[in-house]
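Under mature numbering (1 follows the signal peptide of the UniProt record, and there is no 0), read the sequence shown as residues -30 to -1, 1 to 316, first letter to last. Don't be surprised by glycine CBs; every beta carbon is placed ideally from N, CA and C. Worksheet for the structure shown next.
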Amino acid sequence: MALRPRALAAAAAAALVLPLLVGPATTATAHKPGKAACTPFTSRVAVTEGARADQRISGTLCTPRGNRTSTVQLLVHGGTYDRSYWTVRGRTGGPSYMEAATAAGHAALAFDRLGSGTSSAPHSSRYTDTTHELVTLQLIRTLRERGYRKVVLVGHSFGATVARMVAAKHPDAVDGLILTGEGAPPNLASFEEMFGLYMPARQHPLLAGRRLDDGYLALRTGGKADWFYHRKTTEPRVLLHDELTTEPGVYPADPAYGDVALNRDIRVPVLVVVGQEDKLICGGQGADCSSTAALKAAADPLYGPRAKLEALTVPATGHSLNVHRTAPVWYAYAQDWTKRRVDGGS
């Protein structure tokens, strides 16, 4: 059943009271990663090639305490989210993805893409179809300048498409690629239906105060509940928080953006992770997500041998994997994969 705007409004009112009754609620949604040294991260970036670096990217860089590492994971959130997607706890008590990465000995940088969170939001006319790629490349260079020898791009949904394009067009820029909610044949009919729920961000009641131009889009309230979740493994408080903290975005105008034909140019190991109940990937003309073997068989033709493709299907999980109680399943696999394929170089 969809969580409709009126129900959300009532739930929002209840959410204001709940923390007073049961203590801090944020532990069920987002947290500050433990057992890691986390610091604010800012970087000036250009919107287009050759332009002035006049925009600010904000993020959080976490490193394992007492463990110098040469591998960093650059976390690229999807549409409707900001960097908090990587610190959300889908299950009360955690862990978050950021916590899992640092616990495994990897550094991780979660950042707000342009237009999201506390990063700059330039006029949409300044964006090109490759702006998000260009910004990601600039952040990779910054991380390498800080001494990280290996960079793994970890993307969710549209963020995974951006990461995949960076790896395909700039094969020497990264050392590994983790694609979640993406990287396999999509269910195009579902995508088209979901896209119909987008609206100008300035008309969205939660975003109108940002005074964004009409090039910024936002998903209507209730859209996340309908399309990104598998309710049976979702904590209601997490879903409510997600709907009430939606983010705007500017997306490529070219419908062919993310062309899988470019995947053959990827020269680094690739891991594709999809929730078994992902409405945007599974079923219809999309991937067979009935098992990990079936998902790999569906994705294999999209990649060349240098990708050394691995796949993982997470049972009872929707499109936004991190907001489900099942999230630790893929967190653990991703860290093991990073150690095997990137740290170990196999």
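Practice task
Classify P92 as helix, strand or coil using the three-state DSSP reduction.
Solution key: Position 122 of the sequence shown, counted from the first residue, corresponds to residue 92. Here P92 sits in coil by DSSP.
Practice task
Rank T41, T296 and E19 by C-alpha distance to the C-alpha of S102 and give the top, closest one.
Solution key: By one-based count along the sequence shown, residue 102 stands at place 132. As written in the sequence, residue 102 is His, which differs from the Ser given in the question. Checking every option, the nearest Cα to that of H102 belongs to E19.
Problem - Three-state class that DSSP yields for V299 in the structure shown - result: Here residue 299 corresponds to residue number 329 of the sequence shown, with the count starting at 1. Secondary structure of V299 (DSSP, three-state): helix.
Practice task
For F165, I'd like the list of residues in its chain whose CB is within less than 8 Å of its CB, leaving aside the five on either flank, ordered along the chain.
Solution key: Taking the sequence shown and counting its residues from 1, one reaches residue 165 at position 195. So the list is empty, once near-sequence residues are dropped.
Exercise for the section: Going by CA-CA distance only, name the one from F11, P271 and V230 that's closest to K139. Expected result: Position 169 of the sequence shown, counting from 1, holds the residue named residue 139. With distances taken between Cα atoms, K139 lies closest to V230.
Exercise for the section: Could you tell me which residues DSSP puts in a beta bridge with S160? Expected result: For the purposes of this step, residue 160 is taken as the residue at position 190 of the sequence shown. DSSP, once it has assigned bridges, lists no residue as partnering S160.
Problem - For G85, the three-state DSSP class (helix, strand or coil) - result: Walking along the sequence shown from the start, residue 85 turns up at place 115. It is coil, neither helix nor strand.
Practice task
Note down, in chain order, each residue of its chain lying with its Cβ closer than 6 Å to the Cβ of K266, except the 5 sequence neighbours on either side.
Solution key: Against the sequence shown, residue 266 aligns to sequence position 296. Same-chain partners within the cutoff: A281.
Exercise for the section: Have a look at K278 and T203 and give me their C-alpha separation to the nearest angstrom. Expected result: Taking the first residue of the sequence shown as 1, we reach residue 278 at position 308. Taking the first residue of the sequence shown as 1, we reach residue 203 at position 233. Cα-Cα distance, rounded: 31 Å.
Practice task
Please report how far the alpha carbon of A(-1) lies from the alpha carbon of G256, in whole angstroms.
Solution key: By 1-based counting over the sequence shown, the position of residue -1 is 30. By 1-based counting over the sequence shown, the position of residue 256 is 286. Confidence at A(-1) is low in this model, with a pLDDT of 43, below 50, so the placement of that residue should be treated as unreliable; the coordinate-derived value is given next. Cα-Cα distance, rounded: 32 Å.
Handout entry: 6 Å Cβ shell around A77 - same chain, five flanking residues per side excluded
Key = For the purposes of this step, residue 77 is taken as the residue at position 107 of the sequence shown. For A77, where only same-chain residues beyond five positions count, the Cβ hits under 6 Å are T33, T39 and V42.
Handout entry: Meets three-Cβ-pair contact criterion under 8 Å: the region 280 to 294 and the region 191 to 203
Key = Remark: three or more beta-carbon pairs, one from each stretch, lie closer than 8 Å, so the region 280 to 294 and the region 191 to 203 are flagged as touching.
Practice task
Decide if H93 is buried, meaning its Cβ has at least 16 other Cβ atoms within 10 Å, or exposed.
Solution key: Numbered from 1 along the sequence shown, position 123 holds the residue referred to as residue 93. Burial call: exposed.
Practice task
Just grab the DSSP bridge partners of F11 for me.
Solution key: Locating residue 11 in the sequence shown gives position 41, counting from the first residue. DSSP lists G29 as partners of F11.
Exercise for the section: Check whether the Cβ atoms of V122 and T9 sit closer than 7 Å, and answer yes or no. Expected result: Stepping through the sequence shown from its first residue, residue 122 is reached at position 152. Stepping through the sequence shown from its first residue, residue 9 is reached at position 39. Against a cut-off of 7 Å, the Cβ pair of T9 and V122 comes out as no contact.
Exercise for the section: Could you spell out the range, first to last residue, of the beta strand (DSSP E) harbouring T58? Expected result: Taking the sequence shown and counting its residues from 1, the one referred to as residue 58 is at position 88. First, the residue type needs correcting, since residue 58 is Val and not Thr in the sequence shown. Careful: V58 lies outside any beta strand (DSSP E) and carries neither H nor E.
Problem - Presumed contact (8 Å Cβ cut-off) between T215 and G245, rounded CB distance - result: Translated into the one-based positions of the sequence shown, residue 215 becomes position 245. Translated into the one-based positions of the sequence shown, residue 245 becomes position 275. Incorrect: roughly 21 Å between the Cβ atoms, too far for contact.
Problem - C-alpha gap between D82 and T88, whole angstroms - result: Here residue 82 refers to the residue found at position 112 of the sequence shown. Here residue 88 refers to the residue found at position 118 of the sequence shown. Going from the Cα of D82 to the Cα of T88 covers about 7 Å.
Problem - R207 versus A195, R134 and P275, residue with shortest Cα-Cα distance - result: Taking the sequence shown and counting its residues from 1, one reaches residue 207 at position 237. Nearest C-alpha to R207: A195.
Handout entry: Rounded straight-line distance, which links the Cα of V220 to that of Y118
Key = Residue mapping note: residue 118 aligns to position 148 of the sequence shown, counting from 1. Residue mapping note: residue 220 aligns to position 250 of the sequence shown, counting from 1. The straight-line gap from Cα to Cα measures roughly 30 Å.
Practice task
Evaluate A304 with the Cβ neighbour count: other Cβ atoms within 10 Å of its Cβ, from every protein chain shown; 16 or more gives buried, anything less gives exposed.
Solution key: Counted from its first residue, the sequence shown places residue 304 at position 334. Counting Cβ neighbours within 10 Å, A304 comes out buried, since at least 16 surround it.
Problem - Exposure label - A188; buried when at least 16 CB within 10 Å - result: In the sequence shown, residue 188 corresponds to position 218, counting from 1. Label assigned to A188: buried.
Problem - Element boundaries [alpha helix (DSSP H), containing L44] - result: Here residue 44 corresponds to residue number 74 of the sequence shown, with the count starting at 1. Segment T41 to V46 is the beta strand (DSSP E) holding L44; no alpha helix (DSSP H) there.
Practice task
Consult DSSP for T50 and reduce its assignment to one of helix, strand or coil.
Solution key: Position 80 of the sequence shown holds residue 50. If DSSP states are grouped into helix, strand and coil, T50 belongs with coil.
Practice task
Quick one: give me the first and last residue of the beta strand (DSSP E) that I148 is part of.
Solution key: On the sequence shown, residue 148 is found 178 positions in, with the first residue counted as 1. G146 to T150 is the span of the beta strand (DSSP E), which, as asked, contains I148.
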